[in-house]
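Colleague: The structure is given below, and queries will be raised subsequently.
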Amino acid sequence: MATENPNADGFGEVSRVRGILFEYLSFGASVFGLVALGVLLVYVAIDAFDLANASPEWLLTYFLTLVVPFLAFCLYSANDRDVTRRALVALGGGLVAVAVLFSAIEALLVPIPRLNWQLAYLFVVAAPVTAYLAYVGSRGRLGAVGFGLLGRLVGGVAVGLAVGTLFLVLDALLWFLAYTIGVLPAVGLYALGRVRSSPRARTAAAPVGLVGLTAAVFLRDVVATYPSDLIIYLWTIAIPVAAAGAFLVAGRRGRTAGAVVGGVPLAAATAGGFLAAGAGLPAPTVLLAIVLTGVPTAVYVSRVVDGGEGLAGLGLPLLLAAGAIAGALIVEALGVPAPNPWLDASFLTQAPSRTPEQAGLYPAIVGSVIIIAMVAVLSFALGVGTSVFLEEYTPESGALGTLTRILQVNIANLAAVPSVVYGLLGLGLFANLLGLGIGTAVTAALTLSLLILPITIISAQEAIRSVPDDLRRGSDAMGATRWQTTKNVVLPEAMPGILTGTILALGRAIGETAPLIMIGAATTVFRAPDSLFSRFSAMPMQIYTWAGFPQADFRYGVVAAGVITLLIILVGMNGTAILLRNRAERGS
Amino acid sequence: MTDSTESPDLTRRGGLTRLKEGTYGGLFAACAAITLLTTAAIFVTLLSDAVVFFRSIPIAEFLTGTNWSPNPAGGGQAFGIIPLLIGTLTVTITAAFISIPIGTLTAIYLSEYATPNARSILKPLLEILAGIPTVVYGYFALVYVTPALKATLFPEMSTFNALAASIMVGIMTIPMVSSISEDAMSAVPDELRQAGYGLGATKFEVSTGIVVPASISGIASSYILAVSRAIGETMIVVVAMGAQARMPEVQQALFGIPFVNPADVLLQSGMTITVAMVQITGGDLTGGTLPYNSMFALGLALFVVTLVMNVISDIIAQRYREEY
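Those protein sequence lines, which keep their order, are chains X and U.
In terms of the numbering used here, the first sequence opens at residue 25 and continues consecutively.
In terms of the numbering used here, the second sequence opens at residue 15 and continues consecutively.
Right under this line is the structure:
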């Protein structure tokens, strides 16, 4: 070969240009989709919050009162000189770089529509730096406490609102009876059985509960007088939740602390509920939101105080709230023109409308919450049942093994069936053949459950498969039956993984539109659904409808607000799933 | 068994325990049976209405007709699938032009070039692309991508067009190509790479000359899956592509060779199979009419095509996989 090489001295020298070019090309390809999506998300956020009309003074005010204290908190929590220096360099250098680059592009090439350099700085530099610092800060003890508290506050309000929404379609009076004469005696008996360690009381709990539930169904129309809704929620949800929180803390810190942890949120919720009723607000929802936020928060605060570490982190929500109030006051005092966001409280609480300013998403949000709650129950039960059967109950060889393989192939194929075909299944089978009604919430929930079932099953199988076999053999050696092993060993170990997979699958269900169109979900409903068989709309359905409106205010305003709402809910669900998985991985 | 009284029988269970075991086993089996029933139900639902449809419209007419108008204003229904197939193919092929090269390069980068740290950040981020609701992608295509393309590259573009929709379908299917291809590339044993380096190959030559050929079956099956996903994609095209079933104009080029101007297809509105199904639901849903039944015929076509593609992708992945 050497004779063919004209440059014999250059042994071992190969042109690296091609390789380097290829590396950069492939890196560019990896981030291409992400960058494209990021740009689109920036624009949709600008439209939803009307940031294009935000004055630089307004942005600066909130940057100083809200973002800077938050960054300071994260840096303080991270307590790392290197990180601080890098963050300051990025923030400062980014400011200069973005301003210069942006001005140059605008002056020399083309003006960039609906974007100025302040916004560009906010999205390109400030947002990633904030996300990075939040990540670094959350690893410090202080930050972990602060974010934990923040998460419980936000999550509690979200769960409270969701539960309140569910009672729009559930019969509160029936629930009241069922709880009082079914659930409460059964739980009481079971607890008594645990405390006295008498198996007889524990065995009796289930039949007693069933009898009570049956009796409740019959008594529903017989009983004439019921307490008001507020009392029902107080009695059936607020008091048990507060009691559970108090019980949890009392075991660790003594009765006084338990009473405080249970009592304070309960009192606040009761007061809030009655005040809201006086002010004409939906009292039960206020009550539920306060109690479901207050109790976990109180339990968490008590635990942090107990641990004695990172106490200052508890101030993070106060810091943010104070920043928001201070920003609002300064803006008010200086008379700075504020943007008029499409995504505001009235958007979330009003019905859809033909005029963009009054259009709201409320009935669609309620529809989505109700459907997702049903889908969650159905797909979780079916998914866990199927995956347990496939992983624990069937052998890998023989006739049953063939059946398992057929089931596996079938599930893999179901996962790839287009969602619009599931819509046809729902229309033909549930809506028309079984008569559940076209466009009802039940039809939608059944259709979407079948749609995400393969994904749920596959992730649940992976979770069950990752439980070490030693645990099963150990349980078998103790003489446990297959069901006992499954119930006591396999499922508790696999549960975080199963829940993560289910939540991720639910995220898929909440954004699905095509099946809803096929089963005839209403494009627009003006009232929230009040039963499982009433016509409903859902968030993606409403977005689809609005996207077809020709007015610019709808296209660039109302739909953007709807998209951001849907994406925030999705991010919340997926974030919960990822936190759950990380915590389980850390625990094991 | 004479000494059965002396040693305890460890396998005996009480009747209640056995009943409990059987009940739970049965319950789980019933759950598993539901997945089989779902497949059967899809088949039966689609077939029963499609058969009614094919009784009035012969299959040959359905498959070769060039006019699709299920609910015309002045009468004269026509159910020809050709214009819908052209729309679907347009979207699928254009989307593949985006997802296949970008997805493959992404997979090569993730498996060969990225540091473990970069990979652990990039991989979940890429999954986000597949997790965004498709109606949101459709909205992006209609409201941001189309105006941007119109202002810069194609001034004659119509508001509803195939190009913007296809770009979004392509971006959405990138993670499908990249994650399956990356799995296949990561499964290539390091010995092959080391052998390549030992022969003096550069990293570029190892990546493209050794890793890609060794994992070609996984890569091919990922392409088929991505294409099958693009065929079934509904909301992006419904929102951004409009709903106009039309045949592209065939022009005569030099020497009388017929051709279709791509701009005529890409920059104009069109209709895919999925859009046609969604459009019919705007009419009636109680059943019994010809358009209602035609929806199921289209659904059957879609179901069969995607099923066949999945099976092919499975076979390719199984049969042509190199065993290491």
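Built from N, CA and C at the ideal position, the CB exists for glycine as well.
If you're wondering where the values come from, they're calculated on a predicted model, not measured in any experiment.
Taking the alpha-carbon of G179/X as reference, which of R605/X, A608/X, A601/X has the nearest alpha-carbon?
Modeller: As a first step, residue 179/X must be located in the first sequence, where it is residue number 155. Ranking R605/X, A608/X, A601/X by Cα distance to G179/X puts A601/X first.
Colleague: Quick check: the region 175-195 of chain X against the region 304-312 of chain X, are at least 3 beta-carbon pairs closer than 8 angstroms?
Modeller: yes
Colleague: Please check the pair F399/X and A533/X, which I expect to be a contact at CB under 8 angstroms, by giving their CB distance rounded to whole angstroms.
Modeller: Mapped onto the first sequence, residue 399/X falls at position 375. Mapped onto the first sequence, residue 533/X falls at position 509. According to the sequence shown, residue 399/X is Val rather than Phe. Confirmed, Cβ separation roughly 5 angstroms.
Colleague: Can I95/U and L77/U be called in contact, C-beta distance under 7 angstroms?
Modeller: Within the second sequence, numbered from 1, the residue matching residue 95/U stands at position 81. Within the second sequence, numbered from 1, the residue matching residue 77/U stands at position 63. Taking 7 angstroms as the Cβ cut-off, I95/U and L77/U qualify as a contacting pair.
Colleague: Find the nearest neighbour of F73/X within the set A102/X, V219/X, L143/X, T85/X, judged by alpha-carbon distance.
Modeller: Against the first sequence, residue 73/X aligns to sequence position 49. Considering only alpha carbons, the answer is L143/X.
Colleague: Which value, in whole angstroms, describes the spacing of the CA atoms of I245/U and V360/X?
Modeller: Within the second sequence, the letter at position 231 stands for residue 245/U. Within the first sequence, the letter at position 336 stands for residue 360/X. Near 51 angstroms, if we compare the C-alpha coordinates of V360/X and I245/U.
Colleague: In chain X, which residues lie less than 8 angstroms from S242/U when you measure between Cβ atoms?
Modeller: On the second sequence, position 228 is the one that residue 242/U refers to. Going along chain X in sequence order, the residues near S242/U (Cβ under 8 angstroms) are A440.
Colleague: In the DSSP assignment, the alpha helix (DSSP H) including V329/X goes from what residue to what residue?
Modeller: Here residue 329/X corresponds to residue number 305 of the first sequence, with the count starting at 1. Where V329/X is concerned, the enclosing alpha helix (DSSP H) stretches over 307-331.
Colleague: Using a Cβ-Cβ cut-off of 7 angstroms, state whether W507/X counts as contacting chain U.
Modeller: Counting from one through the first sequence, the residue named residue 507/X turns up at place 483. Chain U, which has a Cβ nearer than 7 angstroms to the Cβ of W507/X, makes this yes.
Colleague: Anything in the region 35-58 of chain X with a Cβ closer than 9 angstroms to a Cβ of chain U? List those residues in chain order, please.
Modeller: G36, V38, S39, R40, R42, G43, I44, L45, F46, E47, L49, S50, F51, G52, A53, S54, V55, F56, G57, L58
Colleague: Does the region 40-50 of chain X touch the region 561-578 of chain X, meaning 3 or more C-beta pairs lie closer than 8 angstroms?
Modeller: no
Colleague: Answer yes or no: the CB of Y153/U versus the heavy atoms of the ligand HEM, is any distance below 6 angstroms?
Modeller: Among the components of this structure there are no ligands whatsoever, and the ligand HEM is therefore not found.
Colleague: Out of A584/X, A291/X, Y145/X, E81/X, which has the shortest C-alpha to C-alpha gap to E356/X?
Modeller: The residue labelled residue 356/X in the question sits at position 332 within the first sequence. Of the listed residues, the one whose Cα sits closest to E356/X is E81/X.
Colleague: Just curious, the alpha helix (DSSP H) that P115/U is in, first and last residue?
Modeller: In the second sequence, residue 115/U corresponds to position 101, counting from 1. That run of the alpha helix (DSSP H) goes 96-122.
Colleague: Looking only at its chain, what residues have a beta carbon closer than 7 angstroms to the beta carbon of S113/U, apart from the 5 residues adjacent to it on each side?
Modeller: In the second sequence, counting from the first residue as 1, residue 113/U sits at position 99. If we look at S113/U and ignore the five residues flanking it on each side, its Cβ neighbours are G184, T187, I188, V191, A240.
Colleague: Between V226/U, I71/U, V264/U, which has its C-alpha nearest F93/U's C-alpha?
Modeller: In the second sequence, counting from the first residue as 1, residue 93/U sits at position 79. With distances taken between Cα atoms, F93/U lies closest to I71/U.
Colleague: Counting only C-beta atoms, is G452/X closer than 7 angstroms to chain U at any point?
Modeller: Counting from 1 along the first sequence, the entry for residue 452/X is found at position 428. Yes, contact with chain U.
Colleague: Counting C-beta neighbours from all protein chains within 10 Å, is the total for A397/X 16 or more, i.e. buried, or is it exposed?
Modeller: Taking the first residue of the first sequence as position 1, residue 397/X is located at position 373. Per the 10 Å Cβ criterion, buried.
Colleague: With a cut-off of 7 angstroms, does the C-beta of T410/X fall near any C-beta of chain U?
Modeller: By one-based count along the first sequence, residue 410/X stands at place 386. Yes, its Cβ sits closer than 7 angstroms to a Cβ of chain U.
Colleague: Taking only the alpha-carbon atoms, compute the straight-line gap between L139/U and L591/X and give it to the nearest angstrom.
Modeller: Residue numbering aside, residue 139/U sits at position 125 when the second sequence is read from its first letter. Residue numbering aside, residue 591/X sits at position 567 when the first sequence is read from its first letter. Answer to the nearest angstrom: the Cα atoms are 15 angstroms apart.
Colleague: Taking only beta-carbon atoms, is F557/X less than 7 angstroms away from chain U?
Modeller: Counting from 1 along the first sequence, the entry for residue 557/X is found at position 533. By this cut-off, F557/X is not an interface position.
Colleague: First and last residue of the alpha helix (DSSP H) that includes P305/U?
Modeller: Along the second sequence, one-based indexing puts residue 305/U at 291. Segment 304-333, the alpha helix (DSSP H) holding P305/U.
Colleague: Under three-state DSSP, which class holds S342/U?
Modeller: The structure shown has nothing for residue 342/U, since chain U only spans 15 to 338.
Colleague: Does any C-beta atom of chain X lie closer than 7 angstroms to the C-beta of V225/U?
Modeller: For the purposes of this step, residue 225/U is taken as residue 211 along the second sequence, with counting starting at 1. Cβ-Cβ to chain X under 7 angstroms: no for V225/U.
Colleague: Does A144/U get closer than 7 angstroms to chain X when you measure Cβ to Cβ?
Modeller: Residue numbering aside, residue 144/U sits at position 130 when the second sequence is read from its first letter. For A144/U, the answer is no, since every Cβ of chain X falls outside 7 angstroms of its Cβ.
Colleague: So, are the CB atoms of S195/U and S236/U less than 7 angstroms apart?
Modeller: As a position in the second sequence, residue 195/U is number 181, starting the count at 1. As a position in the second sequence, residue 236/U is number 222, starting the count at 1. Yes, the pair counts as a contact, with Cβ atoms nearer than the cut-off.
Colleague: Just the C-alpha distance for L2/X and L146/X, rounded to the nearest angstrom, thanks.
Modeller: For chain X, the structure presents residues 25 to 612; residue 2/X sits outside this window and is missing.
Colleague: Using a Cβ-Cβ distance cut-off of 7 angstroms, determine whether F404/X contacts chain U.
Modeller: Taking the first residue of the first sequence as position 1, residue 404/X is located at position 380. So, not an interface residue.
Colleague: Let's see if you can read the secondary structure: which residues bound the beta strand (DSSP E) around F273/U?
Modeller: If you number the second sequence from 1, residue 273/U lands on position 259. Annotation: the continuous beta strand (DSSP E) that includes F273/U extends over 272-274.
Colleague: Decide yes or no for the touch test of the region 147-165 of chain U against the region 222-232 of chain U: beta carbon pairs closer than 8 angstroms, at least 3 of them.
Modeller: no
Colleague: Ends of the alpha helix (DSSP H) at V59/X?
Modeller: Reading the first sequence from its first residue, position 35 is the one you call residue 59/X. That run of the alpha helix (DSSP H) goes 41-72.
Colleague: Looking at the unbroken beta strand (DSSP E) that takes in D265/U, where does it start and where does it end?
Modeller: Position 251 of the second sequence, counted from the first residue, corresponds to residue 265/U. The displayed chain sequence assigns Gln, not Asp, to residue 265/U. It spans 264-266 - the beta strand (DSSP E) in which Q265/U sits, taken as one unbroken run.
Colleague: Could you work out which residue in I146/U, Y123/U, M323/U is closest to L136/U when comparing CA atoms only?
Modeller: Translated into positions along the second sequence, residue 136/U becomes position 122. Shortest Cα-Cα distance from L136/U to any of I146/U, Y123/U, M323/U involves Y123/U.
Colleague: To the nearest angstrom, report how far apart S18/U and G39/U are at their CA atoms.
Modeller: Locating residue 18/U in the second sequence gives position 4, counting from the first residue. Locating residue 39/U in the second sequence gives position 25, counting from the first residue. Summary for S18/U: the model assigns pLDDT 45, below 50, so the residue's position carries little reliability; its value from the coordinates is reported in the next sentence. The alpha-carbon separation between S18/U and G39/U amounts to approximately 30 angstroms.
Colleague: For Y580/X, count neighbouring Cβ atoms within 10 angstroms of its own Cβ and tell me buried if that reaches 16, exposed if not.
Modeller: In the first sequence, residue 580/X corresponds to position 556, counting from 1. Burial call: buried.
Colleague: Once DSSP output is grouped into helix, strand and coil, what is the label at F242/X?
Modeller: Residue 242/X sits at position 218 when you count from the first residue of the first sequence. Reduced to three states, the DSSP call for F242/X is helix.
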